[in-house]
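First up is the structure itself, then whatever we jot down about it.
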Amino acid sequence: MALDAAWALHPASRAYGNRSAELEARARAAQSFVSGSPSVGLAHRTDVLSGDAGLREYEAEVAIPLWNPGVRGATQNQVIADVSALAWQKAERLKLAGEVREAAAQVALARAEREGAARKHLEATELVNDVERRVKAGETARVDALQARAGAQQAQSQLVQSDAMLLRVVGQWRALTGQSQVADLKETPPYALTQDPAVSAQAVQSEHSALQAAQAQVNSAQARLALAEADRRDPMALGVGVTRERAAAGAGLDTSLRFALRIPLGGDSRNAARLAAARAELDAAHGQADAAIRQIHTDVASAHADLDAARRQEALATQRATLSTQMQELVAKSHRLGESDLPTRMRADNEKFDADLSLARARIALQRAISQLNQSLGMLP
4 MALDAAWALH
14 PASRAYGNRS
24 AELEARARAA
34 QSFVSGSPSV
44 GLAHRTDVLS
54 GDAGLREYEA
64 EVAIPLWNPG
74 VRGATQNQVI
84 ADVSALAWQK
94 AERLKLAGEV
104 REAAAQVALA
114 RAEREGAARK
124 HLEATELVND
134 VERRVKAGET
144 ARVDALQARA
154 GAQQAQSQLV
164 QSDAMLLRVV
174 GQWRALTGQS
184 QVADLKETPP
194 YALTQDPAVS
204 AQAVQSEHSA
214 LQAAQAQVNS
224 AQARLALAEA
234 DRRDPMALGV
244 GVTRERAAAG
254 AGLDTSLRFA
264 LRIPLGGDSR
274 NAARLAAARA
284 ELDAAHGQAD
294 AAIRQIHTDV
304 ASAHADLDAA
314 RRQEALATQR
324 ATLSTQMQEL
334 VAKSHRLGES
344 DLPTRMRADN
354 EKFDADLSLA
364 RARIALQRAI
374 SQLNQSLGML
384 P
């Protein structure tokens, strides 16, 4: 599948594994009963500089940081929210689907124009052969042969340009998906949702990946704010120490065990900036969620309008192609019978070519409009 191939090359997909590993490590850390890594302290005390009576003291201590009340639970909730936000990479995948759809449409359009240019060049070459035969038979003037050759050269120039365009868009497709085969542009329209744009947008709003991703970011920002509100001071630390002490020279060594609890005092200077940043992030997340809702409604309404216009354009292009084909057949027959001149024949051929190309473009535009409607509704190809 083209989308899967493109997603495998996407930066977000490549970073997913390490990002998941990061969240797993944070989850394990939040499950621990200590809030950080323990530390070891060593101390030595002597009276060498104040009489040297033989006082010696050696102390070793291990300090274990503890969770402040409410911080551990808030940290766990933040990790859960971040995991949920990471899981909602469907929004990035949907955005990439839009790029894949557009790239497929560009290739389809370039192929249609290349096929039309090749057909026109073939018909122009056949016309040159026919006119030159008639010039040799004395049925028409040599200027007609020159005019026919000029038309054939122009058709060849258009063919060269269309070949270059096709190579360019196929290269863009290959760069996006890593695949040589271009996916088919055709998609099925969601007929049950195409009646009323407002109803369509409302129906898919709760399941739209863009809105769900935005809501996941809101939940993550709320969890981050809750953590900032709970973590108002540095972690407490429990210290366990052993002391070996000799009061004077010749005295025995005394051993004592010491327990200590360090409780840092919080302050506004530590927390004000963190709280303000967390609140700003939450406000931004709410704003993005509201913007996502508005964008969904706008995109769905626009896609409905584009689809309706594309259907009408295809109908008109079909009528024009039918009329131009009939006219070209009549003019070609008249030219073979000598009843019309070459310029009239070439104008009819050009009109038929333009009409056929317009019809091909209209059909591709219709398929593109259907794809854009599915895209606006959050549907993957």
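Throughout the sequence shown, residue numbering follows the working numbering, covering 4 to 384 in sequence.
The C-beta atom is built at its ideal place from N, Cα and C for all residues, glycine as well.
For Glu116, the closest of Thr325, Glu126, Ser327 and Leu362 by C-alpha to C-alpha distance is Leu362.
Contact between Glu317 and Leu369 holds, with the beta-carbon distance rounding to 5 angstroms and staying under 8 angstroms. Secondary structure of His47 (DSSP, three-state): strand. Taking a cut-off of 8 angstroms for Cβ pairs, the stretch 303-314 and the stretch 330-345 do not touch, as fewer than three such pairs fall below it. For Glu142, no beta strand (DSSP E) encloses it, and the DSSP letter there is neither H nor E.
A distance below 8 angstroms between beta-carbons, with the five flanking residues on each side excluded, links His124 to the following residues of its chain, in chain order: Ala155, Ala158, Gln159, Gln161 and Leu162. With 16 or more other CB atoms across the displayed protein chains lying within 10 angstroms of its CB, Phe356 is buried.
Note: Thr258 is bridge-paired with Arg247 in the DSSP secondary-structure output.
If you draw a straight line from the Cα of Leu130 to the Cα of Gln175, it is about 36 angstroms long. The residues Arg48 and Glu248, in chain order, have a CB closer than 6 angstroms to that of Glu60 in the same chain once the five nearest residues on each side in sequence are set aside.
Arg152 and Gly341 have their C-alpha atoms some 19 angstroms from each other.
If you look at Arg371, you'll find it in the alpha helix (DSSP H) that goes Leu345 to Ser379. The Cβ atoms of Ser212 and Gly381 sit closer than 7 angstroms to each other. For the pair Ala295 and Arg96, the Cα-to-Cα distance works out to about 16 angstroms. Distance from the CA of Arg282 to the CA of Leu228, rounded to the nearest whole angstrom, comes to 6 angstroms. Put simply, of Gly20, Glu118, Val86 and Gly242 the residue whose alpha carbon is nearest the alpha carbon of Ala66 is Gly242. Counting C-beta pairs with one atom in each stretch, the stretch 75-95 and the stretch 137-146 have fewer than three that are closer than 8 angstroms, which means they do not touch. Per the C-alpha coordinates, the member of Glu102, Arg122 and Leu149 positioned closest to Ser165 is Arg122. Going by DSSP, Ile67 is part of the beta strand (DSSP E) stretching over Arg59 to Leu69.
Ser343 has its alpha-carbon roughly 7 angstroms from the corresponding atom of Val334.
For Gly242, the three-state secondary structure derived from DSSP is strand. Classified as buried, Gly119 has 16 or more neighbouring CB atoms from the shown chains inside 10 Å of its CB.
In the DSSP annotation of this structure, Asp187 is not part of any alpha helix (DSSP H), being labelled neither H nor E.
A residue is called buried when at least 16 other Cβ atoms come within 10 angstroms of its Cβ; Ala217 meets this threshold and is buried. In the structure shown, Leu264 falls within a strand segment according to DSSP collapsed to helix, strand and coil. Three or more Cβ pairs closer than 8 angstroms define a contact, and the stretch 103-114 falls short of that threshold against the stretch 63-77. In this structure, the straight-line span from the alpha carbon of Ala351 to that of Ala324 is close to 12 angstroms. Taking 4 residues as the shortest admissible run, the stretch 291-329 contains no complete alpha helix (DSSP H) segment at all. Taking 4 residues as the shortest admissible run, the stretch 73-158 contains the following complete alpha helix (DSSP H) segments, listed from N- to C-terminal end: 74-90 and 93-139. Going by C-alpha positions, Pro238 is about 13 angstroms away from Thr78. Rounded to whole angstroms, the Cβ separation of Gln375 and Asp309 is 6 angstroms, and the two are in contact under 8 angstroms. Relative to Met349, the option among Leu149, Arg314 and Gly290 whose CA is nearest is Leu149.
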